[in-house]
Amino acid sequence: MGIPVLNERERRVLEAVIQSYVETAQPAGSRTISRRFELGISPATIRNTMSDLEEKGYLYHPHTSAGRVPTDVAYRVYVDSLLPRVPVALPEQEKLSAQITNGGSAVESILRRAAQSLGVITQELGIALGPRLDDSTLERLDLVRLS
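Quick note, the numbering used here runs 3 ahead of the 1-based positions in the sequence shown.
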């Protein structure tokens with residue numbers, strides 16, 4: 004099952020919710036979105052659109068009285084819209100894969116090598132931080148077939 008397609012209104016409301024959530028770390032309500040962003044639609048229309056986005060899997064309600072929060076799918080769509088994808092040639096893919104996988108399978112080691120490789124490719128500073136797992140509890144496990 005693919006990612007549901009968004010119409011123009013849904014895309015604009017989703018971008019506003021993501022922007023609001025990134026800036027405030029608070030669930031975004033329709034009134035907040037209508038006041039902060041010039042979308043040219045009423046809070047009721049925003050609320051209905053947010054409900055549609057929730058049904059499509061782009062937003063969720065952390066609890067009944069809260070606004071909505073973007074899902075991983077929403078962030079993926081948003082990030083994908085920022086920059087066009089540039090295909091990487093197979094030899095480059097293989098070289099990058101070898102650089103990252105050679106040298107152990109510890110998360111910290113893989114992240115360090117990935118940051119170094121991306122830094123070389125982009126000629127920018129690369130920083131990668133692994134999650135702190137000291138006091139963590141596994142809430143959900145998703146298995147995704149990569150190839």
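Beta carbons are placed, not taken as given, at the ideal position from N, Cα and C, and that holds for glycine. All figures in this text were calculated on a predicted structure; none of them were measured in a lab.
By the beta-carbon neighbour count (other beta carbons within 10 angstroms, threshold 16), PRO90 is exposed.
Per DSSP, the continuous alpha helix (DSSP H) segment holding VAL80 begins and ends at 75-85.
Within the model, the alpha-carbon separation for LEU128 versus GLY122 is close to 5 Å. Residue burial annotation: PRO30 is buried, with at least 16 other C-beta atoms found within 10 angstroms of its C-beta. Going by DSSP, PRO7 is part of no alpha helix (DSSP H) at all; its letter is neither H nor E. Counting along the chain, LEU114 sits inside the alpha helix (DSSP H) bounded by residues 110-125.
Put simply, the segment 26-45 touches the segment 63-81. At least three CB pairs are less than 8 Å apart. At least 9 Å separates the beta-carbon of THR52 from that of GLU26. In terms of CA proximity to ASP75, GLY60 leads the group GLY60, THR48 and HIS66. Classified as buried, SER23 has 16 or more neighbouring CB atoms from the shown chains inside 10 Å of its CB.
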